[in-house]
Amino acid sequence: HSALKAYEMARMFEPDSIDFQLGEAQCLLKTGQADRASTLAEELIKESPTSVDYWRLQANCLLQLGRYDDALLHLEIANDLGAADAQSHFLLGDLYLRTENIRLAQQHYLAALDSTHLPTLKSALRPLEYLIARGLIAEADSYLTQLEAKIVINTDAEREQVALAKAHIRIQQDKAEKALTELQAIVANNPINGEALLLIAQIAHARDDYIEAEFQLQRARALPDTKVDALIQLGRLEVDRNDFDAALDYLYSAQSLKPSTRISRYIDAIKAAM
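Residues 54 to 327, numbered by my numbering, are exactly what the sequence shown covers, in order.
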């Protein structure tokens, strides 16, 4: 905010300064005034239509304003002008996925992995979450294969992340045995990987192995990052065992820790069935 005031003051004395105009636009965007920032960005583009920075600035303004199609167009132009990097490809992939243009989304995700400066593993794994969440399992599997071939994995934590992503895909492909092999290897190396414990419990639950599922969920429940998810899954487990009182106890605990409409609706549905 202080920088914004300084730029506004400076432009009073030098209204034609491109640097001051750019600085003001960036500060406006950072302070949540995307509409005003967009107006300045548009002026900058008219002044210098081949400047990559101005097209990207306008794209960020449009994203903040919720004008996703226009943001996508500006990012594509920025890429055509030579701004293509992993970050821009990932963002374009996300925007195309949002518009259900799966082919172009996949193209940009893969292009990000071919960038001169490779993305971090954390950034590279994010598209997998989006693809799996949308049920695009074949696309996720193909992307993960490319990722493993191109990204250097250095640490045990990174290997765990890749193995977890692979397990998610195998479960969606109805290859529970392969997923279980991946997950058991993770837990053998790191017994407090809560996400792996939850997935092992999910596989056991699907097989009606309630004892194993409960054992793994209680382990996940003891970990701060997976406590709420474990409580919800325990609630579902008790519903399948027709112990509605126990299910409600778990769900009330989850709701007290992290209130959500989804848990509230689930509680109401169980109470209505009792």
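No residue lacks a Cβ here, since even glycine has one placed at the ideal position from N, Cα and C. On a predicted model such as this, the values are computed, not experimentally measured, just so you know.
query: Output yes or no for whether 7 angstroms exceeds the beta carbon distance between Gln111 and His127.; result: yes
query: What is the C-beta distance between Ala232 and Leu252, in whole angstroms, given that I count them as a contact (C-beta under 8 angstroms)?; result: 7 angstroms
query: What is the DSSP secondary structure of Ser104, counted as helix, strand or coil?; result: coil
query: Does Gly188 pass the burial test, meaning 16 or more other C-beta atoms within 10 Å, or should it be called exposed?; result: exposed
query: Alpha carbon to alpha carbon, how far is Ser55 from Gln286? Give it in angstroms, no decimals.; result: 48 angstroms
query: Apart from the five residues just before and just after Leu250, which ones in its own chain have a Cβ nearer than 6 angstroms to its Cβ?; result: Gln269, Arg272 and Ala273
query: Among Asp302, Tyr263, Ala59 and Thr152, which residue has its Cα nearest to the Cα of Asp122?; result: Thr152
query: Between Ile320 and Leu310, is the Cβ-Cβ spacing less than 7 angstroms?; result: no
query: Quick check: the Cα distance between Lys203 and Pro68, rounded to an integer number of angstroms?; result: 48 angstroms
query: Find the nearest neighbour of Ala220 within the set Ala300, Ala254 and Ile245, judged by alpha-carbon distance.; result: Ala254
query: Can the beta-carbon of Phe73 be found closer than 7 angstroms to that of Ala59?; result: no
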